Every structure is written in structure tokens, then in C-alpha cells.
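Visitor: Every letter in the sequence shown is one number past the one before it in my numbering, and letter 109, counting from 1, is 121. For glycine and all other residues, C-beta sits at the position ideal for the given N, C-alpha and C. Please read all numbers here as calculations on a predicted model, not as lab measurements.
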Amino acid sequence: MNAPDISFIMICTISVFFMTPGLAIFYGGLVRRKNMIEIMEQSFISIGVVSILWAIFGFSLAFGKDVHGIIGDASFFYMMGVGITPHASIASNIPFVLFFVFQLAFAIITPALISGAIVGRTCFKAYTVFIAAWLLFVYSPVVHWVWGGGYLEQKGVLDFAGGLVIHLTAGVSAIAAVIMIGPRKEIDNNPCSMGYVSIGAGILWAGWFAFNGGSALAANTTAALAVANTLIASSSGMLGWLLLGRLLSEKMTLLDILFGGIAGLIIITPMAGYVDLWCSLPVGFFGGIVCSSAVRFRAARGWDDTLDVWALHGIGGASGVILTGVFANPVLAPAGGILYGNTSQLLIQILGVLQVTVYSFVLTMVMLRVIALFTPLRLSETDENLGLDSIQC
Numbered sequence: 013m014n015a016p017d018i019s020f021i022m023i024c025t026i027s028v029f030f031m032t033p034g035l036a037i038f039y040g041g042l043v044r045r046k047n048m049i050e051i052m053e054q055s056f057i058s059i060g061v062v063s064i065l066w067a068i069f070g071f072s073l074a075f076g077k078d079v080h081g082i083i084g085d086a087s088f089f090y091m092m093g094v095g096i097t098p099h100a101s102i103a104s105n106i107p108f109v110l111f112f113v114f115q116l117a118f119a120i121i122t123p124a125l126i127s128g129a130i131v132g133r134t135c136f137k138a139y140t141v142f143i144a145a146w147l148l149f150v151y152s153p154v155v156h157w158v159w160g161g162g163y164l165e166q167k168g169v170l171d172f173a174g175g176l177v178i179h180l181t182a183g184v185s186a187i188a189a190v191i192m193i194g195p196r197k198e199i200d201n202n203p204c205s206m207g208y209v210s211i212g213a214g215i216l217w218a219g220w221f222a223f224n225g226g227s228a229l230a231a232n233t234t235a236a237l238a239v240a241n242t243l244i245a246s247s248s249g250m251l252g253w254l255l256l257g258r259l260l261s262e263k264m265t266l267l268d269i270l271f272g273g274i275a276g277l278i279i280i281t282p283m284a285g286y287v288d289l290w291c292s293l294p295v296g297f298f299g300g301i302v303c304s305s306a307v308r309f310r311a312a313r314g315w316d317d318t319l320d321v322w323a324l325h326g327i328g329g330a331s332g333v334i335l336t337g338v339f340a341n342p343v344l345a346p347a348g349g350i351l352y353g354n355t356s357q358l359l360i361q362i363l364g365v366l367q368v369t370v371y372s373f374v375l376t377m378v379m380l381r382v383i384a385l386f387t388p389l390r391l392s393e394t395d396e397n398l399g400l401d402s403i404q405c
């Protein structure tokens, strides 16, 4: 084991975990005041639900011994074999229990992202059941496919810190939930507290350095590169978002600045440790433009994704994964992209995006339909008008 690596990943784990309270503050400021406490509750409940299920089932399904490229076996059920000694084939430089909890921090925030798409109209009981099922049937299998030795990893799909695993799964599932549950009765997208939004965005932004840097699983040059790429891409994404808004003669706001930065953070995530620093400028700039365009596309079609989870995480994550097939440097990544003569990598990345998209969308629709047989997904119109903070569901 390596003491500096242990210290680094411990700090990254704490920082990534703190992104979930940051998300609660960020989402809480974005919604109407009558739903502020409830959306925060939906972020925090993910800590309890996901931690228990990850410990008993999820981690083993994600990182257990590969079963036909589809899922992990039961070797780590109820944390069997998860101790203070390293796992030679997964993370040989840090205690296996530290790898377990680092991945748990990722698992906690991912389903919490989805809550932003359906806020203001979803029953808390149904939402809690949904994130439990989603962790086991969507998130854990996709983690195995991409990071746990599954078939996408075997095919050579590259995803450094979660463009597929986290952002695409959450974004696609969010739009599926929006379609299934339907729009709000009264649509008001004015944030109730830009102070909360700014503080929450700042926490997420800072945590993203640990999110991407820690994915190197060591205090090394790859981590340093990932952190640098993260900052440059987020700054460039901010400018791309603002420029598009200016060209369309729209007023530039603080919310545009923050969303643009987040768009850059998302699109660089799958390639943060795989590309040279110069790539972060065009990639982040493109992320700001493509995610902002996705917001307009979504609004034009009347999809009531309240906090634009699909436009940011779904489109940003997919774009980042695809562009990894263009910019990945074979010196830094397991395989190079088109710029380095490997034309097949782009196709591999696109196929990975398509497969995860279809799987996440279909499974989310199926799970919500099954849950709806046992408990209502949607609040009554009266309760929706009163606001989730005034009622219990």
C-alpha cells in the first residue's frame, strides 16, 4: 500500500461525498420555495438508501467477479472480503475498503441527480423506492459494464470518471421519468434563492476536482492532469454557454454562468485523465454550447425537466464520452482517439453511449410502471399546488 495514495483518496472520498449536500443546496435554491425542503430531502435520502444497498448488494454487482460480461457475482455481498488489505486486481495501492467507500460516494450522488428533473410533482415514497431499484438494476450493472470488467470495458470503451456511468445514466433516466410522470400543473422556473444556488454550485465545483482527480486512484500525474483539465474545461464551458446566449440576444445571468461551468465539468469528466491539457479548452467550450442548445431543444418540445438534468448530464455526458474517442492520447489512456490514428475508438465510444442510453431509458420506464402498480408516482393536484413542503406523501 501507498500512504500518500491513501491520504489522497480519503480526502477525495470526503469531498465527493460532500457534493451530495452541495447538490441539495443547489437544487434547493433552484426550485420554488414551497418545494425547497422536499428537494433537499430527496438528495439526503439517497445517502441512507444507497449506502445500505451498496453495502449489501450494489458493490458486489458492480465489482464482483464478472458473469458473462453483464454483472458481478456475489463475492462481495454484505461486504464479504471488503477489508483493510488491498485488492490486487482492482486497487492494489489502497485498502479495498477505501475503494469501496470512494465508489459509494459516486453511487450516492448519481440517483440524487434524477430528483431535479421531477421535482414538485413526485410522491416521496415512490421516489425512494425508485432510487433503490434504480441503484440495483441500472447503476450497478452499468458500473460493472464500464469499470468492473464487463463487456463495455472488454470492448475498450473509455470513461475516466463517469460520463457513461454517472451522467448519462442519470440524464437519460431523468428524461424517462419526466415522460412517465408528466409536466407540472403550474410551471415556474424562477429560482427561489440564487444565494443557495451559488453556494451549492461552488461546493459541486470544488468537489469535482476530487471527483475527477480521485478517479486516478492515486496521487500521481494522472490525477494532476485531471484536476487541471477540470478547471480549464469548466471555465471554457461557462464562456461557451454565455456566448450562445449573447448571440441569441438573451440576457446573461448568474444562473447562465453557473450552468455553463457545470456543463464544462460534465463534458470533461469521461476524459479528464486521458487527454492533453490543451483539449480542455475546445471540449469545455463545446460542452457549454451543446448543453445550452439542449436546454432550448427540451423547452421547445415541452418536456418539463425542471432543473434540466437531461440537457446537462445526459447530453453533456454523452458528448464527453464520444469526444473521448477523438481526443484520447494513447500515452495517457488505454487507447488513443482519432487524432492519434485510432479511428475505431470513436465508433466504440458511440456504441457505448447508445447501449447505456437504451438500457437506462427502458429500465427506468419499466421500473416506474411497476412502482406505479403499488404506490402513486404523482401527487394529487391539490397537494402539488400546496407544495411538497406542506404535505407528507
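Using the C-alpha atoms, what's the distance from Ile130 back to Ile334?
Guide: When rounded, the distance between both Cα atoms is 27 Å.
Visitor: By the 10 Å Cβ neighbour count, where 16 or more other Cβ atoms means buried, how is Asp17 classified, buried or exposed?
Guide: Buried, by the Cβ-count rule.
Visitor: Does DSSP classify Asp78 as helix, strand or coil?
Guide: Strand.
Visitor: Grouping DSSP H, G and I as helix and E and B as strand, with all else coil, what is Ile83?
Guide: Strand at Ile83.
Visitor: For the stretch 243-287, which segments carrying the alpha helix (DSSP H) assignment without a break, of at least 4 residues, lie completely within its bounds, in sequence order?
Guide: Fully enclosed alpha helix (DSSP H) runs of 4 or longer: 266-280.
Visitor: Opposite Thr134 in the DSSP bridges: which residues?
Guide: Note: Thr134 sits in a beta bridge opposite Arg390.
Visitor: Roughly how many angstroms separate the alpha carbons of Cys405 and Met31, rounded to a whole number?
Guide: Reliability fails at Cys405, whose pLDDT of 44 lies under 50, so the model's placement of it is uncertain and no value is given.
Visitor: Return yes when the Cβ of Pro153 is within less than 8 Å of the Cβ of Leu73, no when it is not.
Guide: Yes. Within cutoff.
Visitor: Let me know if Glu396 comes out buried or exposed under the rule of 16 or more other beta-carbons within 10 Å of its beta-carbon.
Guide: Buried, by the Cβ-count rule.
Visitor: Residue ranges of each alpha helix (DSSP H) run of no fewer than 4 residues wholly in the stretch 303-391, ordered along the chain?
Guide: Qualifying alpha helix (DSSP H) stretches, in chain order: 327-339 and 356-384.
Visitor: Opposite Ala103 in the DSSP bridges: which residues?
Guide: Answer is His99.
Visitor: So does the stretch 49-64 actually touch the stretch 101-111, counting three or more Cβ pairs closer than 8 Å?
Guide: The stretch 49-64, when compared against the stretch 101-111, does not touch it at the 8 Å Cβ threshold.
Visitor: Below 8 Å between beta carbons: does that hold for Leu363 and Leu289?
Guide: Not a contact, by the Cβ cut-off of 8 Å.
Visitor: Going along the chain, which residues of its own chain have a beta-carbon closer than 6 Å to the beta-carbon of Asp85, five neighbours each way excluded?
Guide: The residues are Gly76, Lys77 and Val79.
Visitor: Leaving out five residues on either side along the sequence, give the residues of the same chain with a beta carbon under 6 Å from the beta carbon of Ala306.
Guide: Closer than 6 Å at the Cβ level, and outside the excluded window around Ala306, lie Ala323 and Ile327.
Visitor: The alpha helix (DSSP H) with Ser27 in it runs from where to where?
Guide: Where Ser27 is concerned, the enclosing alpha helix (DSSP H) stretches over Ala15 to Leu42.
Visitor: Can you give me the start and stop residues for the alpha helix (DSSP H) that Asn201 sits inside?
Guide: Taken as a continuous stretch (DSSP letters only), Asn201 belongs to no alpha helix (DSSP H), as it is neither H nor E.
Visitor: So for Leu289, helix, strand or coil by DSSP?
Guide: If DSSP states are grouped into helix, strand and coil, Leu289 belongs with the helices.
Visitor: Nearest by alpha-carbon distance to Gly296: which of Thr394, Leu255, Val177 and Ile187 is it?
Guide: Checked all of Thr394, Leu255, Val177 and Ile187; the closest Cα to Gly296 is Leu255.
Visitor: Skipping 5 residues on each side, what residues in its chain have a beta carbon closer than 6 Å to that of Ala67?
Guide: Once the five neighbours on either side are set aside, the close Cβ partners of Ala67 are Met91.
Visitor: Please work out which residues of its chain come closer than 7 Å, Cβ to Cβ, to Val382, disregarding the five sequence neighbours upstream and downstream, and give them in chain order.
Guide: Nothing listed; no residue qualifies.
Visitor: Taking buried to mean at least 16 other C-beta atoms within 10 Å of its own C-beta, is Gly314 buried or exposed?
Guide: Gly314 comes out exposed.
Visitor: Output yes or no for whether 8 Å exceeds the beta carbon distance between Thr140 and Ile57.
Guide: Yes, Cβ-Cβ distance for Thr140 and Ile57 is below 8 Å.
Visitor: Exposed or buried, Arg133, counting other C-beta atoms within 10 Å across all chains shown (16 or more means buried)?
Guide: Under this definition Arg133 is a buried residue.
Visitor: Can you tell me whether Gly162 is helix, strand or coil according to DSSP?
Guide: DSSP places Gly162 in coil when its eight states are reduced to three.
Visitor: Determine the direct distance from the alpha carbon of Met22 to that of Gly95, and round the result to whole angstroms.
Guide: Gly95 and Met22: Cα-Cα distance of roughly 15 Å.
Visitor: Rounded C-beta distance between Phe298 and Val28? I'm assuming under 8 Å.
Guide: Actually they do not touch by this definition, with Cβ atoms about 25 Å apart.
Visitor: Select from Met377, Leu398, Gly219 and Thr394 the residue whose C-alpha is nearest the C-alpha of Met192.
Guide: Taking only the C-alpha atoms, the option nearest Met192 is Met377.
Visitor: Return the residue from the list Phe309, Arg310 and Leu277 that minimises the CA-CA distance to Pro294.
Guide: The residue with the shortest Cα to Cα distance from Pro294 is Leu277.
Visitor: Alpha carbon to alpha carbon, how far is Met283 from Gly34?
Guide: Approximately 24 Å between the Cα atoms of the pair.
Visitor: With 16 as the cutoff for other CB atoms within 10 Å, does Met379 come out buried or exposed?
Guide: Looking at its Cβ environment, which holds 16 or more other Cβ atoms inside 10 Å, Met379 is buried.
Visitor: In angstroms, rounded to a whole number, what distance separates the CA positions of Ser185 and Lys197?
Guide: Taking the straight line joining both Cα atoms gives about 21 Å.
Visitor: Roughly how many angstroms separate the alpha carbons of Phe69 and Lys263, rounded to a whole number?
Guide: The alpha-carbon atoms of Phe69 and Lys263 are separated by roughly 48 Å.
Visitor: Among Thr336, Pro203 and Leu267, which has the Cα closest to the Cα of Gly285?
Guide: Nearest C-alpha to Gly285: Thr336.
Visitor: Please determine, among Phe142, Val113, Asn201 and Leu125, the residue with the shortest C-alpha to C-alpha distance to Pro388.
Guide: Here the closest residue by C-alpha is Phe142.
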